[in-house]
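See structure below.
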Amino acid sequence: MTALFESYNARFIEPKTVGETFVLRDREFSLLCEQNNSLLVGPRGSGKTTLLKMLKVGAQIGWKYPKQAKVLRRFSFAAIYVGADRQFDLVVKAIHLNDKYSNILDLLSKCLLATRIKFACLDTCREILDQKLQNLEFLSHQHVKYSLEMEVNCCKALAKTWDLGEPALSFLEIRSLLQLQLAEINRFIDRLKFDEEPPTAGSLIDHSPYLTHTPVHACLTFVDAFNTAFKVDDKIWALCIDELEIMPASLQEYLFSCLRSIDQRILLKLATSPFSSLSWDRSSVARPMPGHDYTPINLSFGRKQDAKRFTARLFDALLLSEGIQYRGRRSSSLGEAVLGPSPIKEAGGDALQREPYKAPNGEHYKRFALLREKDPSFRAFLDQRHIHLEGLQKASESQRAGQARKYIWPVAIRLEYGPTNIFRRPDKSIASRPASRKSVPDVYLGYDSLLTICEGNPRTTIGLLRPLARIFTGTSKPVAHEKQSELLTKTIAKYFSLLSSIQVGDLTQRYGSLIDVLDDIGAFLSKEVNGADFKPEPALSIKIDAATKPPIIEAIGNAMNQGAFVMLSDELGTFDFGSILESRIRLSYLLCPRYHIPLTYGQPINLSTITQVEKEKRRSTLSIRDLFEDAGMDDE
Amino acid sequence: MLNILIASDLHAYVPSEKSGEPSCLVAQNTNASGHPDIIGEMGKTILTEGLRVDWILCCGDMADKANPIAQDFAWRRLADLKTTLDAKLLLGTVGNHDVDSRLKFSDFDPKGALQRLVPAFPGLDEATCDRYWSRNFHLWEEGNVRLLNLNSAAFHGYHSDLADNAASIEYLHGRVSQYTIDKIITEISSKKFDVNILLTHHHVYRNDMIYDLDLSEMVYGGRLMDALTKTTKSSWLVIHGHQHFPDIFYGRSKVYPPVIFSAGSLSATLSSPLSSLATNQFYVISLETDLSKAGEWTPSGVVRAWHWTAHRCWERSPSNHNIPFEIGFGCREKPESVAAKVAKVVRESSRPVLNMEEIYAIVPEFRYLIKEAVDDVIEKLPVLGVKCTRGAVLSESNFRKEKL
Numbered sequence: 022m023t024a025l026f027e028s029y030n031a032r033f034i035e036p037k038t039v040g041e042t043f044v045l046r047d048r049e050f051s052l053l054c055e056q057n058n059s060l061l062v063g064p065r066g067s068g069k070t071t072l073l074k075m076l077k078v079g080a081q082i083g084w085k086y087p088k089q090a091k092v093l094r095r096f097s098f099a100a101i102y103v104g105a106d107r108q109f110d111l112v113v114k115a116i117h118l119n120d121k122y123s124n125i126l127d128l129l130s131k132c133l134l135a136t137r138i139k140f141a142c143l144d145t146c147r148e149i150l151d152q153k154l155q156n157l158e159f160l161s162h163q164h165v166k167y168s169l170e171m172e173v174n175c176c177k178a179l180a181k182t183w184d185l186g187e188p189a190l191s192f193l194e195i196r197s198l199l200q201l202q203l204a205e206i207n208r209f210i211d212r213l214k215f216d217e218e219p220p221t222a223g224s225l226i227d228h229s230p231y232l233t234h235t236p237v238h239a240c241l242t243f244v245d246a247f248n249t250a251f252k253v254d255d256k257i258w259a260l261c262i263d264e265l266e267i268m269p270a271s272l273q274e275y276l277f278s279c280l281r282s283i284d285q286r287i288l289l290k291l292a293t294s295p296f297s298s299l300s301w302d303r304s305s306v307a308r309p310m311p312g313h314d315y316t317p318i319n320l321s322f323g324r325k326q327d328a329k330r331f332t333a334r335l336f337d338a339l340l341l342s343e344g345i346q347y348r349g350r351r352s353s354s355l356g357e358a359v360l361g362p363s364p365i366k367e368a369g370g371d372a373l374q375r376e377p378y379k380a381p382n383g384e385h386y387k388r389f390a391l392l393r394e395k396d397p398s399f400r401a402f403l404d405q406r407h408i409h410l411e412g413l414q415k416a417s418e419s420q421r422a423g424q425a426r427k428y429i430w431p432v433a434i435r436l437e438y439g440p441t442n443i444f445r446r447p448d449k450s451i452a453s454r455p456a457s458r459k460s461v462p463d464v465y466l467g468y469d470s471l472l473t474i475c476e477g478n479p480r481t482t483i484g485l486l487r488p489l490a491r492i493f494t495g496t497s498k499p500v501a502h503e504k505q506s507e508l509l510t511k512t513i514a515k516y517f518s519l520l521s522s523i524q525v526g527d528l529t530q531r532y533g534s535l536i537d538v539l540d541d542i543g544a545f546l547s548k549e550v551n552g553a554d555f556k557p558e559p560a561l562s563i564k565i566d567a568a569t570k571p572p573i574i575e576a577i578g579n580a581m582n583q584g585a586f587v588m589l590s591d592e593l594g595t596f597d598f599g600s601i602l603e604s605r606i607r608l609s610y611l612l613c614p615r616y617h618i619p620l621t622y623g624q625p626i627n628l629s630t631i632t633q634v635e636k637e638k639r640r641s642t643l644s645i646r647d648l649f650e651d652a653g654m655d656d657e
Numbered sequence: 071m072l073n074i075l076i077a078s079d080l081h082a083y084v085p086s087e088k089s090g091e092p093s094c095l096v097a098q099n100t101n102a103s104g105h106p107d108i109i110g111e112m113g114k115t116i117l118t119e120g121l122r123v124d125w126i127l128c129c130g131d132m133a134d135k136a137n138p139i140a141q142d143f144a145w146r147r148l149a150d151l152k153t154t155l156d157a158k159l160l161l162g163t164v165g166n167h168d169v170d171s172r173l174k175f176s177d178f179d180p181k182g183a184l185q186r187l188v189p190a191f192p193g194l195d196e197a198t199c200d201r202y203w204s205r206n207f208h209l210w211e212e213g214n215v216r217l218l219n220l221n222s223a224a225f226h227g228y229h230s231d232l233a234d235n236a237a238s239i240e241y242l243h244g245r246v247s248q249y250t251i252d253k254i255i256t257e258i259s260s261k262k263f264d265v266n267i268l269l270t271h272h273h274v275y276r277n278d279m280i281y282d283l284d285l286s287e288m289v290y291g292g293r294l295m296d297a298l299t300k301t302t303k304s305s306w307l308v309i310h311g312h313q314h315f316p317d318i319f320y321g322r323s324k325v326y327p328p329v330i331f332s333a334g335s336l337s338a339t340l341s342s343p344l345s346s347l348a349t350n351q352f353y354v355i356s357l358e359t360d361l362s363k364a365g366e367w368t369p370s371g372v373v374r375a376w377h378w379t380a381h382r383c384w385e386r387s388p389s390n391h392n393i394p395f396e397i398g399f400g401c402r403e404k405p406e407s408v409a410a411k412v413a414k415v416v417r418e419s420s421r422p423v424l425n426m427e428e429i430y431a432i433v434p435e436f437r438y439l440i441k442e443a444v445d446d447v448i449e450k451l452p453v454l455g456v457k458c459t460r461g462a463v464l465s466e467s468n469f470r471k472e473k474l
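Structure (structure tokens):
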């Protein structure tokens with residue numbers, strides 16, 4: 022069901038392949054390369070894993086673009102990359118099942134991560150000791166000179182400090198002994214789950230002293246052993262830990278607090294989703310401070326233009342990988358040739374948009390004039406503001422900005438879904454246009470709009486735009502809007518099926534799953550744009566105010582981790598990891614076609630205001646058809 | 071050293087309502103279909119590994135159920151691979167799925183689609199191709215290596231396919247006729263070669279490793295092998311496909327047991343019980359052509375195997391696969407004897423740890439042992455005072471004295 026969004030996940034991709042397919046986010050990567058602690062924050066699919074993996078020498082070997090590879094010279098720390106895996110999930114579930122043994126499970130989860138780190142240290146060793154590095158222009162500085170004696174000395178030290186139980190003389194032996202420890206940890210977890218009288222923490226530690234190893238201890242002992250044995254005393258290492266959000270809460274707290282203080286030979290680079298239910302005491306002295314203890318790097322795009330620019334680059338790379346060659350004058354020509362122009366573009370330039378405000382055929386003018394004709398409230402608004410549509414073309418740019426530009430999207434959407442768009446029912450009564458799920462209006466389609474909808478999210482971009490690129494292959498015409506509409510509808514339906522798994526622990530029973538909350542928000546925002554009266558400043562963003570119920574905040578936070586909401590500003594202005602209380606967010610543009618709202622954001626409205634509105638009859642509720650038929654399950 | 075890439079049993083297909091998914095090789099423009107480009111990935115893998123390939127051999131079943139479009143697609147992709155790898159030779163042989171035995175695509179010509187392929191099938195000049203089709207075999211000679219390419223599906227489509235028992239249905243098994251054997255023997259007896267290879271689709275000996283009953287082996291396969299070894303007075307390397315069961319073993323023979331290389335399928339969908347025993351693989355056999363290096367063990371060489379993973383890429387096959395990466399063949403020395411030699415090297419070495427290459431340099435026969443023999447050697451080492459730590463692939467293993 023979620024295949025569209027799982028079709029590209031850097032977690033499953035070898036570092037070298039990541040390097041080959043990487044589209045660099047220069048600013049973020051530069052920040053990450055700095056010799057300090059970092060906290061990488063971004064929703065699902067935003068490229069956290071890719072960025073972290075790109076710190077690995079193994080990935081940098083596959084770097085395609087020599088010009089960009091210069092950035093690799095900026096740092097010489099060796100990255101130790103650790104991804105979370107299913108085992109953490111098992112521990113988290115076991116903790117939920119057995120409150121009684123939560124202390125032991127905390128111990129085991131820390132030890133599990135420590136063991137993963139040990140394996141990752143060995144992986145990094147293999148990379149930086151590889152002689153091939155010496156001949157690679159931008160990576161030779163990462164190479165560490167090797168001799169068998171050095172390896173033997175290093176392994177002897179590791180065997181002792183990692184409590185492997187027997188001597189080891191090679192990295193291979195160390196790895197083999199770590200596998201035994203890993204198997205033993207799994208046995209302990211199973212005993213806690215199934216034994217009637219499981220062992221105590223003390224007896225476990227007596228039996229297996231390595232259980233007391235913490236993640237940082239594991240890394241530190243490795244750094245000691247390696248730097249000494251290989252005579253690189255000052256070597257700096259970056260411990261990169263991915264997917265913090267799926268680790269047990271105690272481990273998240275531990276790792277986050279390590280940003281405050283860690284050995285100076287080790288940098289900590291953590292990656293996580295934006296929202297965490299952990300309650301950080303923001304005023305606590307122990308809490309690491311952004312800017313002081315670490316650099317926060319947010320992968321959500323604050324500016325729409327930045328997101329579009331990055332999506333365009335991703336799309337170009339995607340087209341290239343599909344064998345679609347660039348023949349146009351500008352790089353955007355190729356993408357636009359595939360998807361065709363959008364009815365609404367942010368900036369003019371081509372023939373369609375050259376004089377968009379000019380009567381009688383300018384694209385914007387036509388829409389404004391049509392709505393003026395059909396919608397009395399819009400007409401009244403224009404009169405009230407003394408906006409003369411026929412004079413817009415001659416108005417200055419700043420005048421147009423105030424009088425027309427910011428209304429382009431609301432006007433286009435209102436024309437599609439507003440109250441004046443009527444149709445005649447079979448019983449000859451008049452009603453507003455029904456909310457069609459099957460077809461997406463043209464304003465959401467074409468190059469500009471689809472790029473906006475992708476939000477700079479690599480996974481959405483690949484999931485939505487790659488099939489369109491493949492339809493284009495072998496043709497010379499842009500992909501038809503019907504096809505674009507079909508794929509966008511499927512994409513949204515699949516995304517909803519993913520979001521529907523997020524539950525709201527709402528005791529009032531108003532909300533079962535996140536979809537109920539989304540539908541309320543969507544309906545409210547849609548009414549702001551498509552309601553009876555034209556609103557020049559519709560509320561199109563949401564403030565998470567204190568009056569909102571905590572279960573709803575948590576559900577919204579989890580949805581934000583999945584990219585359903587985008588942070589516009591938070592309490593501290595750092596776009597940091599933690600609570601989302603008092604932050605301002607907007608719906609992801611991917612959801613806008615479903616709720617008939619513009620691909621822009623507007624004034625904030627308190628979330629509690631939306632959730633306290635007496636429930637009206639819904640336009641339509643999510644049905645099994647949304648989950649299966651629209652998602653194209655029958656095709657898969 | 072001669073490097074031979076083996077791709078067997080591709081089972082390419084054209085998707086339709088009835089086709090099912092016999093393999094992951096869809097006969098479509100790879101860019102347009104969204105299906106993995108597994109043949110293109112093979113090329114990338116070989117180049118990444120820095121390997122040179124001299125020959126590409128396909129052991130048959132290029133397409134599933136003789137679909138002509140799929141056959142054309144698979145053959146062209148293999149020809150592209152030959153170009154990518156700058157190989158000297160691409161040779162195919164006919165599999166049961168390559169012949170339109172049930173006349174689904176033609177009313178009268180079961181092998182017509184194969185004969186129309188470009189480049190000409192099985193991959194040589196027109197005269198040699200004609201010989202393959204008329205005599206059911208041809209010979210290829212290069213240096214001191216001779217390859218016999220035998221069409222073991224030559225009689226498919228011409229025999230009673232409506233017989234009431236499986237043994238009588240021709241397309242359910244392979245066959246070499248006595249006439250063909252006689253002609254082969256006449257041709258090969260005139261010249262002597264150090265290394266002899268038989269390329270064919272069906273297995274020459276019955277294999278009961280997978281199914282309780284399997285009668286699909288080549289009829290007269292044993293008779294063929296007996297005649298071949300008797301004539302050349304040497305062991306042959308037999309490379310075949312058909313069963314999708316990767317294995318290397320020695321065949322029966324009175325004096326010169328052949329090395330049997332049973333290739334796994336490149337891309338066919340593997341179902342139970344086979345799926346628990348096999349993976350999709352391709353191979354590069356590095357065949358030792360310098361007899362001074364091969365010693366008394368001819369034919370001998372090293373096989374590199376890669377398997378197709380869920381991550382849609384080829385990876386080196388680990389040591390628990392039937393044919394792992396960098397496994398040898400050819401040496402039939404007793405494992406006890408090789409273990410003793412390895413143990414002596416390790417015990418007497420001044421180096422604290424030895425890797426495989428260091429061991430091979432002193433005990434070269436260890437390199438040419440088949441998988442089961444290598445496992446036996448390693449199992450015997452602890453009692454000889456040696457600890458072996460196995461790597462993910464065999465060549466990454468290392469050895470040291472048990473007591474430090």
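From first to last, the protein sequence lines are chains A and X.
This note's numbering applies: residue 22 is where the first sequence begins, and numbers increase by one.
This note's numbering applies: residue 71 is where the second sequence begins, and numbers increase by one.
C-beta atoms are modelled at their ideal positions from N, C-alpha and C, and glycine is treated no differently.
Taking only beta-carbon positions, decide if residue i is within less than 8 Å of chain X.
i, result
"SER191(A)", "yes"
"PRO188(A)", "yes"
"ASP656(A)", "Since pLDDT at ASP656(A) reaches only 39, below the 50 mark, its modelled position is unreliable, and the value read off the structure follows with that caveat. By this cut-off, ASP656(A) is not an interface position."
Counting only the same chain and skipping the five closest in sequence on each side, list residues whose C-beta sits under 7 Å from that of residue i.
i, result
"ALA372(A)", "Note that ALA372(A) has pLDDT 46, beneath the 50 cutoff, so the model's placement of it is unreliable and no number is given."
"PRO717(A)", "For chain A, the structure presents residues 22 to 657; residue 717(A) sits outside this window and is missing."
"SER28(A)", "Residue placement at SER28(A) is flagged as unreliable, the pLDDT there being 46, under the threshold of 50; the coordinate-derived value follows with that caveat. Once the five neighbours on either side are set aside, the close Cβ partners of SER28(A) are ILE483, GLY484."
"ALA141(A)", "ILE101, TYR102, VAL103"
8 Å is my cut-off, CB to CB: does residue i come that close to chain A?
i, result
"VAL463(X)", "no"
"THR459(X)", "yes"
"GLU472(X)", "no"
"ALA102(X)", "Per-residue confidence for ALA102(X) stands at a pLDDT of 46, beneath the threshold of 50, marking its modelled position as unreliable; the derived number appears in the next sentence. Yes - at least one Cβ of chain A is within 8 Å of the one on ALA102(X)."
"GLU466(X)", "yes"
Roughly how far, in whole angstroms, is the beta-carbon of residue i from the beta-carbon of residue j, given that I think they are within contact range, below 8 Å?
i, j, result
"THR459(X)", "SER467(X)", "6 Å"
"LYS139(A)", "LEU199(A)", "6 Å"
Name the one or two DSSP bridge partners that residue i has.
i, result
"THR316(A)", "SER59(A)"
"TRP384(X)", "TRP378(X)"
"ILE101(A)", "LEU260(A)"
"ILE76(X)", "LEU127(X), TYR353(X)"
"GLY244(X)", "MET288(X)"
Looking at the ligand FMN, does it come within less than 7 Å of residue i, judged from the CB to the closest heavy atom?
i, result
"PHE352(X)", "Summarising the ligand content, the structure contains no ligands, and the ligand FMN is consequently not present."
Residues in its own chain within less than 6 Å of residue i by CB, not counting five upstream and five downstream?
i, result
"HIS208(X)", "THR198, ARG201, TYR202, ASN219"
Interface residues of the segment 192-226 of chain A facing chain X [CB-CB below 8 Å]: LEU193, GLU194, SER197
Quick one: which residues of the segment 414-438 of chain X get their C-beta closer than 9 Å to a C-beta of chain A? List them in chain order. ARG421, PRO422, VAL423, ASN425
Just by C-beta distance, which residues in the segment 151-185 of chain A are closer than 7 Å to chain X? LEU169, VAL173
Output needed in chain order: residues of the segment 110-122 of chain X with a Cβ under 8 Å from some Cβ in chain A. none
With 7 Å as the limit, tell me which residues of the segment 473-493 of chain A have their beta carbon closer than that to any beta carbon of chain X; keep them in chain order. ARG491
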